[in-house]
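Mapping the sequence shown onto my numbering, position 45 (from 1) lands on 45, and the numbers just tick up by one.
All C-beta atoms, glycine included, are put in the ideal place defined by N, C-alpha and C.
Nothing here was measured: the structure is a model prediction, and the numbers come from that model.
Following: one structure in structure tokens, then a few remarks.
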Amino acid sequence: MNKKQRRTVGSIIKVPIDNFYIYGLILHETDIVFFDSKNFENLSVNEIVELPILFRVAANSDAVLDGRWTKIGKIDLPEKFSVPVPRFIQNEINPDKFEIYLGGQIRPAKKEECKDLERCAVWSVRHIEDRIRDHYNNMPNVWVEQMRLK
Numbered sequence: 001m002n003k004k005q006r007r008t009v010g011s012i013i014k015v016p017i018d019n020f021y022i023y024g025l026i027l028h029e030t031d032i033v034f035f036d037s038k039n040f041e042n043l044s045v046n047e048i049v050e051l052p053i054l055f056r057v058a059a060n061s062d063a064v065l066d067g068r069w070t071k072i073g074k075i076d077l078p079e080k081f082s083v084p085v086p087r088f089i090q091n092e093i094n095p096d097k098f099e100i101y102l103g104g105q106i107r108p109a110k111k112e113e114c115k116d117l118e119r120c121a122v123w124s125v126r127h128i129e130d131r132i133r134d135h136y137n138n139m140p141n142v143w144v145e146q147m148r149l150k
């Protein structure tokens, strides 16, 4: 059984996926950044935070809290990860209406402003793990496609 953990900003986590794992960093609010780090060997904390970013999402913390994603170290959060990132909201009833969420504030937006942003959503553990797995298998991810700007 996995050891219970707390969600601690600045903690580096190890995310097991099938026969490999990648690393993530717990950020403020509900954000976690996942690094492009498919690896079979341990990396130092300093090496991990210099890796390319795979994606950053608001994430359900269950996998951290129940120990499924193991905390392996802690750092002072680098400035680049302390800044909130914008996310888009697309109105379900009126799909031509868009907003941008940033740091607790919502403002109207044009579709073009939302083009390269993630949808404002909290990702489940399973959906995050599917997204990682699909990325490394060079497959489209059903959850990314569902949340894509329409």
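- Counting only unbroken stretches of 4 or more residues, the alpha helix (DSSP H) elements lying wholly within the segment 69–139 are 79–82, 111–114 and 125–136, in sequence order.
- Excluding five sequence positions before and after Ser37, the CB atoms of its chain that fall closer than 6 angstroms to its own CB belong to Ile22, Tyr23 and Leu51, given in chain order.
- Here DSSP, grouped into helix, strand and coil, assigns Asn46 to helix.
- Excluding its 5 nearest sequence neighbours in each direction, Val9 has C-beta neighbours in its own chain below 8 angstroms: Ile26, Leu27, His28 and Leu77, listed in chain order.
- With fewer than 16 neighbouring CB atoms inside 10 Å of its own CB, Ile93 falls in the exposed class.
- Per the Cβ contact rule, the segment 64–74 is not in contact with the segment 85–104 (fewer than 3 Cβ pairs under 8 angstroms).
- If you check the CB distance, Val15 and Asp31 do not come in under 9 angstroms.
- Just so you know, the alpha carbons of Val122 and Arg87 end up roughly 11 angstroms apart.
- Closest in C-alpha terms to Val49, from the list Lys74, Val142, Lys111 and Val144, comes Lys74.
- Approximately 13 angstroms separates the beta-carbon atoms of Phe81 and Phe55; this is outside 8 angstroms, ruling out the contact.
- A direct Cα-Cα distance of roughly 10 angstroms separates Ala63 from Arg7.
- For Asp31, the uninterrupted beta strand (DSSP E) run begins and ends at Asp31 to Phe35, by DSSP.
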